[in-house]
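Okay, structure first, notes after.
Residue numbers (this note's numbering): 321 to 395.
Below, the structure is given as structure tokens:
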């Protein structure tokens, strides 16, 4: 199973604000994407596509992308 097929399970829910993310699965997805040589932009494209197909608003997408960005590059 590729990292792309796991995006929907970690970032595909449009009701992100009321959902508790499984941080372990999300971190695993990001690690798999990095190991596969993916850039953050590739992850972001997959997230946007999955969220768009589920009717997410731009605000919902931005919230999840910001979360993914923090996990991709922790400070």
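Beta carbons: idealized from backbone N, C-alpha and C, even for Gly.
Just so we're clear, the structure is a prediction, and the values are computed from it rather than from any experiment.
Residues of its chain near residue i, where Cβ-Cβ distance is below 7 Å and the 5 sequence neighbours each way are ignored
{"i": "residue 390", "result": "none"}
Cα-Cα separation, residue i to residue j
{"i": "residue 345", "j": "residue 330", "result": "7 Å"}
{"i": "residue 351", "j": "residue 373", "result": "25 Å"}
{"i": "residue 353", "j": "residue 394", "result": "15 Å"}
Check whether the segment 372–382 and the segment 346–361 touch, using three or more Cβ-Cβ pairs below 8 Å as the test. no
Ignoring anything shorter than 4 residues or poking outside the segment 341–394, list the alpha helix (DSSP H) runs there in chain order. 343–355, 360–373 and 378–392
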